[in-house]
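Take a look at the structure set out below.
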Amino acid sequence: MRLVLLPCFLALAVGCPGGSKDSDSAGGNDSGDTADIDLGPPGCINLNGEEGDFATITAALEYAAAGDTVNVCAGTYTENVLLDVGVYVVGAGSGTTFIDAPVNEAAFDISGSSAGVSGFTITSTRSGITVDQASDVAISDVVFSTPANYGIEANQAVDLSVSASAFNTPVYGGMFLSGGTAVVDGCVFTDPTSYAVWASSDAAITLSNNIFDGVIETSAGADGFAVFGEGASVAMSHNVVTATDGIGVLVTDGALVLDGDLFNDVAYAIAADSSTFSADGVEVYGATTQGIFVQSKSDISVTNTIVSLNGGSTTGLTSCSHDYDAFDGNCGGIYLAADGVTMSGVTVSDYESFGVIIGSARNNGDVTAVVSAVTVENVGRWGFYVNEGTGTYDGVNVTGVREPDASWIDQCTYEVDGSYYTSVDRGAGILMYGGDAVITNSSVSGTEGWGLSLVQSNAEVSGSAFSDAVCAGVINFTGSLELSGSAFTNTTELYSSFGQVFDYQGATILEGNSFTNTRSYYLSDSDDGAGGYYHYSSTGYGRDFYASASSACLIKDNTFTAGDDSLYIETSGCDIIGNTWSGYNGTILTNYEGTDTDPVTFSGNNVTDHAGWIVYSSYGTTTVEDLVVGDLREYSYGYAQTWIHADGTVEDVYSYEYAYGQPAFYAYGYYYMYDSDGDGVNDTEYGSPAGLTLENISMGASIAGIVQASEASLEITDLTAESAGGDVVYAYWSHYAPEVEIDGVEVPDVTGSGISLYGNTPDGGYALISDVSFDVVSGSGVVLTGLAEWTMEDVALVDVGGYGVSSSGSYSYYDYATSTSVYGTREPVITLTGVEVEASTSDSFTFTNGVVSIDSSLALDGGDDGLSLDSVSASVTNNIFATNTGYGMMCVGTTLTACTGNDLGSNTLGAHLDCSDDCSL
30 MRLVLLPCFL
40 ALAVGCPGGS
50 KDSDSAGGND
60 SGDTADIDLG
70 PPGCINLNGE
80 EGDFATITAA
90 LEYAAAGDTV
100 NVCAGTYTEN
110 VLLDVGVYVV
120 GAGSGTTFID
130 APVNEAAFDI
140 SGSSAGVSGF
150 TITSTRSGIT
160 VDQASDVAIS
170 DVVFSTPANY
180 GIEANQAVDL
190 SVSASAFNTP
200 VYGGMFLSGG
210 TAVVDGCVFT
220 DPTSYAVWAS
230 SDAAITLSNN
240 IFDGVIETSA
250 GADGFAVFGE
260 GASVAMSHNV
270 VTATDGIGVL
280 VTDGALVLDG
290 DLFNDVAYAI
300 AADSSTFSAD
310 GVEVYGATTQ
320 GIFVQSKSDI
330 SVTNTIVSLN
340 GGSTTGLTSC
350 SHDYDAFDGN
360 CGGIYLAADG
370 VTMSGVTVSD
380 YESFGVIIGS
390 ARNNGDVTAV
400 VSAVTVENVG
410 RWGFYVNEGT
420 GTYDGVNVTG
430 VREPDASWID
440 QCTYEVDGSY
450 YTSVDRGAGI
460 LMYGGDAVIT
470 NSSVSGTEGW
480 GLSLVQSNAE
490 VSGSAFSDAV
500 CAGVINFTGS
510 LELSGSAFTN
520 TTELYSSFGQ
530 VFDYQGATIL
540 EGNSFTNTRS
550 YYLSDSDDGA
560 GGYYHYSSTG
570 YGRDFYASAS
580 SACLIKDNTF
590 TAGDDSLYIE
600 TSGCDIIGNT
610 WSGYNGTILT
620 NYEGTDTDPV
630 TFSGNNVTDH
640 AGWIVYSSYG
650 TTTVEDLVVG
660 DLREYSYGYA
670 QTWIHADGTV
680 EDVYSYEYAY
690 GQPAFYAYGY
700 YYMYDSDGDG
710 VNDTEYGSPA
720 GLTLENISMG
730 ASIAGIVQAS
740 EASLEITDLT
750 AESAGGDVVY
760 AYWSHYAPEV
770 EIDGVEVPDV
780 TGSGISLYGN
790 TPDGGYALIS
800 DVSFDVVSGS
810 GVVLTGLAEW
820 TMEDVALVDV
830 GGYGVSSSGS
840 YSYYDYATST
850 SVYGTREPVI
860 TLTGVEVEAS
870 TSDSFTFTNG
880 VVSIDSSLAL
890 DGGDDGLSLD
900 SVSASVTNNI
910 FATNTGYGMM
920 CVGTTLTACT
930 GNDLGSNTLG
940 AHLDCSDDCS
950 L
């Protein structure tokens, strides 16, 4: 399923709030009379510090020239002051000098350049100060007390400076700039309605060391902004924005630069649309909708920034809500859509919807990202998400990504009409959707979905760490993944559906990684009805790598330590080369439903301290070569239930553990037939490869058997083991006619039989056995039942507890077409050359049914007959059947087509029974 990256989560329907505002006209009065003021004492209002007796500021300005200063003494003045020349008006201080502007007039209308105002508290039914097309105007130490419009309204003012001033509850906003440039430093904006600062029409404003507190929103999405740049450039440095209903800072169609600013308890902290953007050293706490939202068709950057819903100094809102299924974008940390994104030194935490999202602001576009040192903690759904991006990501560390909707937890698959599908769009620590990514020195841990999710992406991942993911540490869906030098581990009791790395219809290379403690549990909790709960867990569900319908797979030079099942390859081809495993309790390699076009090769690997199957091949073709295996332990499986009481005490209810041996190799359901028609082509449905091929295998002691197969063909070459706790090779088939080829097997101590093959099918099956040596065998040496044809040469069986070599043509199978059991006897074609059996407890050779040829073979010191033939047609030549407890040869219902050159001497009961005297030398 394709994930859709929303182009915008913010309704930027910016406009004026309800109602209208009358514009203040700089440079002239609106209406109203100026009240008479008594003249102050000498020197109260003066020019340039000299004594004067001006009763009003306006009167003093009549005598002022550019560059003069009007000094105003403490008191309250009601006048509209026009500054059309470069004069400074300086009050005695904002705490003692007050201007109550006439009705519908500003306190100061400034149109002269190089003018200034300082040291006043201003009240006005319009804006407090207007600046119209003036330059180098300075305003400082001014308190704007509840102006009906703006505190300062500037039109095309150039180099306007506002400092150390306070804007208290302005009705329409603290400052409005239309064009021009301004610097605002050290000011406080308290409870303004709609805006604290609004810059428009190509204005450029620098805001530093200011405090914006409690901006009041009147229309959702349209106002409630501490700083609003509309077609303007806004540069902010070390400001504090708190308790704002709407957005801390919003810039549209302009530019926004942030440096060291703090945003606390703001719905949207930072937003920029169609604007250039950079943020450095910014801190955002308690932004309940989004921390940072940017859409820009240019390059943007975020560095050394913290965005946290609950961290830092937040004292207000600490939770947020959003539509999880529809993904409305609310309750997210940082959203960046741009042509290029640079991000470094960023921390995001505690959001319900996502931590970081990076994408392109253009339709069908790609974003180029350079990301380093990013930490995302305790967020919902997605920790770090890049959509259609090409980039490098170094030191991206994500922990604790959760599913806010509890119904999604553990839902790594979903069901439709009885079929289950992988939930690719589950939450993830890091999600790369499309594009190309190079990820280095990063980590993901403790996610309730995927760790690293690659969807239709090409990714190189190195030097990274992954642990404790509910679905999988890494998923590669229909993409290309090269994963190297990384570490995977589980540190908690965790149920993981797909293990550590999951390749789903993609191509994956794993090289030089380490997998540690990949153990997983089936977990279930149930309410005890008294405030506590029962906790059930069972072991053995861990998995390192799972490939399903993968186009390519290479697993090379990895280290696997202390896990459950390791590799699961499904309908995929894979080369597994030069890896090491130790301390596993499960299956090292499972190959399921592969074919000769998708073979699995297991080459040059090393396995030590293992319990369970090394290879389990089911309906697939698997080749194992150059394998070194240490001693094999018993496989163990356990489950337990504990009772966690309401007071927190823990009580063990029950626990069980089972341990049993498993053969090293198992194959099921992939077969091929012997070339029965002599045309040089194997008669097979699938092709010539065997279900399981073993070549050059060196093993220690096996707690159980070594090779077991059902409905599968086998090729075994050069296998040695110190001992076998069961049959060295056991194969059974009831439907097909596989072939078993064994060449070069040596096991000196066998608890069980050496080779047991049972062909209970209509067609039997075929075996070629050569260069085999078993010494001290508790069961029979070789048992072949129901086969159609088999050949044995250069085989040595010593100290055998049952038959040396035993064959029967009897077979039985269940015919599913007729729902009946079928019993029958076939006449197998049997050829033995150079087979030696010494010290068997029963007959050294016994054959029932078939056509037998035995030449240059040996049966010595057997516990019964050397050769027993029953209902066969036999050629017996140049053998030694001597010093056996029974007869050298015994024939029952047998036709001897040739019987010469045999040594039948020194047998206890005689040379032969019912055979031919011609058989002996």
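This note's numbering numbers the first residue of the sequence shown as 30 and each following residue consecutively.
All C-beta atoms, glycine included, are put in the ideal place defined by N, C-alpha and C.
The model shown is predicted, which means the values in this text are computed figures rather than measured ones.
> Is it the case that the Cβ atoms of residue 223 and residue 242 are separated by a distance below 8 Å?
Replying inline: For the purposes of this step, residue 223 is taken as the residue at position 194 of the sequence shown. For the purposes of this step, residue 242 is taken as the residue at position 213 of the sequence shown. No; because the gap between Cβ atoms is not below 8 Å, this pair is not in contact.
>> Using the three-state DSSP reduction, which class does residue 753 fall into: helix, strand or coil?
In response: Counting from 1 along the sequence shown, the entry for residue 753 is found at position 724. For residue 753, the secondary structure class from DSSP, reduced to helix, strand or coil, is strand.
> What residue range is occupied by the uninterrupted alpha helix (DSSP H) comprising residue 90?
Replying inline: Mapped onto the sequence shown, residue 90 falls at position 61. Note, residue 90: alpha helix (DSSP H), 86 to 90.
> When the Cα atoms are used, what is the spatial distance from residue 546 to residue 892?
Replying inline: In the sequence shown, the residue the question calls residue 546 occupies position 517. In the sequence shown, the residue the question calls residue 892 occupies position 863. Looking at the two C-alpha atoms, the distance is approximately 51 Å.
> Just to confirm, are residue 469 and residue 497 a CB contact at a threshold of 8 Å?
Replying inline: Within the sequence shown, the letter at position 440 stands for residue 469. Within the sequence shown, the letter at position 468 stands for residue 497. Contact: no.
> Tell me, which residues are paired with residue 420 by DSSP?
Replying inline: By one-based count along the sequence shown, residue 420 stands at place 391. Answer is 398 and 466, bridged to residue 420.
> How would you label residue 9, buried or exposed, when you count the other beta carbons within 10 angstroms and need 16 or more for buried?
Replying inline: Residue 9 lies beyond the stretch modelled for the chain, which goes from 30 to 950, so this question has no answer here.
> For residue 766 versus residue 810, is the C-beta distance shorter than 8 Å?
Replying inline: Along the sequence shown, read from residue 1 onward, the residue named residue 766 stands at position 737. Along the sequence shown, read from residue 1 onward, the residue named residue 810 stands at position 781. Their beta carbons are not under 8 Å apart, which means residue 766 does not touch residue 810 by this criterion.
> Can you tell me whether DSSP reads residue 603 as helix, strand or coil?
Replying inline: Taking the first residue of the sequence shown as 1, we reach residue 603 at position 574. Here residue 603 sits in strand by DSSP.
>> Here's the rule: buried if 16 or more other CB atoms are within 10 angstroms of the residue's CB, otherwise exposed. What is residue 674?
In response: In the sequence shown, residue 674 corresponds to position 645, counting from 1. With fewer than 16 other Cβ atoms within 10 Å, it is exposed.
>> Using 8 Å for Cβ pairs, my map puts residue 112 next to residue 144. What's the rounded Cβ distance?
In response: For this step, residue 112 is matched to residue 83 along the sequence shown. For this step, residue 144 is matched to residue 115 along the sequence shown. That pair is a contact at about 4 Å.
> According to DSSP, which residues form a beta bridge with residue 245?
Replying inline: Locating residue 245 in the sequence shown gives position 216, where the first residue counts as 1. Partner(s): 222.
>> If I measure Cβ to Cβ from residue 920 and keep anything under 6 Å in the same chain, skipping five residues before and after, which residues do I get?
In response: Here residue 920 is taken as the residue at index 891 of the sequence shown, counted from 1. Around residue 920: 898, 943 and 944.
> Is residue 948 helix, strand or coil by DSSP?
Replying inline: Residue mapping note: residue 948 aligns to position 919 of the sequence shown, counting from 1. It is helical.
>> Helix, strand or coil for residue 819? Go by DSSP, reduced to three states.
In response: Sequence index remark: in the sequence shown, residue 819 carries index 790 (1-based). Strand at residue 819.
> Can the beta-carbon of residue 335 be found closer than 8 Å to that of residue 271?
Replying inline: Within the sequence shown, the letter at position 306 stands for residue 335. Within the sequence shown, the letter at position 242 stands for residue 271. Not a contact, by the Cβ cut-off of 8 Å.
> So what does residue 301 bridge to, in DSSP terms?
Replying inline: Mapped onto the sequence shown, residue 301 falls at position 272. In the DSSP secondary-structure assignment, residue 301 is bridged to 280 and 323.
> What span of residues does the beta strand (DSSP E) with residue 373 cover, start to end?
Replying inline: Sequence index remark: in the sequence shown, residue 373 carries index 344 (1-based). Per DSSP, residue 373 belongs to the beta strand (DSSP E) from 369 to 378.
> So residue 590 packs on residue 666, CB below 8 Å; how close in whole Å?
Replying inline: Position 561 of the sequence shown holds residue 590. Position 637 of the sequence shown holds residue 666. Taking the Cβ atoms as the reference, residue 590 lies roughly 20 Å from residue 666, outside the contact range of under 8 Å.
> Out of 903, 855, 833 and 858, which has the shortest C-alpha to C-alpha gap to residue 890?
Replying inline: Along the sequence shown, one-based indexing puts residue 890 at 861. Taking only the C-alpha atoms, the option nearest residue 890 is 833.
> By Cβ distance below 8 Å, which residues in the same chain neighbour residue 539 in space, the five residues on each side in sequence not counted?
Replying inline: Within the sequence shown, the letter at position 510 stands for residue 539. Hits under 8 Å: 512, 513, 530, 574, 583, 584, 585 and 587.
>> Quick check on the DSSP output: the beta strand (DSSP E) that includes residue 180 runs from which residue to which?
In response: On the sequence shown, position 151 is the one that residue 180 refers to. First-last of the beta strand (DSSP E) with residue 180: 179 to 184.
> Would you call the CB atoms of residue 186 and residue 209 closer than 8 Å?
Replying inline: One-based indexing of the sequence shown puts residue 186 at position 157. One-based indexing of the sequence shown puts residue 209 at position 180. In this structure, residue 209 lies closer than 8 Å to residue 186 by Cβ.
>> What does DSSP give as the partner residue(s) for residue 217 in the beta ladder?
In response: Counted from its first residue, the sequence shown places residue 217 at position 188. Answer by DSSP bridge pairing, in chain order: 195 and 240.
> So which of 500, 398, 452 and 410 has the shortest CA-CA distance to residue 467?
Replying inline: Taking the first residue of the sequence shown as position 1, residue 467 is located at position 438. Nearest Cα to residue 467 within the set 500, 398, 452 and 410: 398.
> Does the region 362 to 372 touch the region 383 to 402, meaning 3 or more C-beta pairs lie closer than 8 Å?
Replying inline: yes
> Quick one: what does DSSP say residue 880 is sitting in, helix, strand or coil?
Replying inline: Taking the sequence shown and counting its residues from 1, one reaches residue 880 at position 851. Here residue 880 sits in strand by DSSP.
> Hey, residue 733 and residue 769 are a contact pair by Cβ (cut 8 Å); roughly how many whole angstroms apart?
Replying inline: Residue 733 sits at position 704 when you count from the first residue of the sequence shown. Residue 769 sits at position 740 when you count from the first residue of the sequence shown. Wrong, their Cβ atoms sit about 19 Å apart, outside the cutoff.
>> Could you pull the DSSP bridge partners for residue 412 from this structure?
In response: The residue you call residue 412 lines up with position 383 of the sequence shown. BP columns for residue 412 are empty, so no partner.
> residue 446 by DSSP, collapsed to three states: which one?
Replying inline: Sequence index remark: in the sequence shown, residue 446 carries index 417 (1-based). It is coil, neither helix nor strand.
> Would residue 772 pass as a contact of residue 752 if the rule is Cβ separation under 8 Å?
Replying inline: Translated into the one-based positions of the sequence shown, residue 772 becomes position 743. Translated into the one-based positions of the sequence shown, residue 752 becomes position 723. Against a cut-off of 8 Å, the Cβ pair of residue 752 and residue 772 comes out as no contact.
>> Checking the sheet assignment: what are the DSSP bridge partners for residue 874?
In response: Counting from one through the sequence shown, the residue named residue 874 turns up at place 845. Note: residue 874 sits in a beta bridge opposite 834 and 896.
> Taking the Cβ atom as the reference point for each residue, do residue 877 and residue 836 lie within a distance shorter than 8 Å?
Replying inline: Indexing the sequence shown from 1 puts residue 877 at position 848. Indexing the sequence shown from 1 puts residue 836 at position 807. Result yes, Cβ atoms of residue 877 and residue 836 sit closer than 8 Å.
>> Please report the distance separating the alpha-carbon of residue 828 from that of residue 808.
In response: The sequence position of residue 828 within the sequence shown is 799, counting from 1. The sequence position of residue 808 within the sequence shown is 779, counting from 1. Those two C-alpha atoms are separated by around 10 Å.
>> Classify residue 381: buried if its beta carbon has 16 or more other beta carbons within 10 angstroms, exposed otherwise.
In response: Looking up residue 381 in the sequence shown gives position 352. Per the 10 Å Cβ criterion, buried.
> From which residue to which residue does the beta strand (DSSP E) around residue 441 run?
Replying inline: Taking the first residue of the sequence shown as position 1, residue 441 is located at position 412. Segment: none, residue 441 is in no beta strand (DSSP E) and carries neither H nor E.
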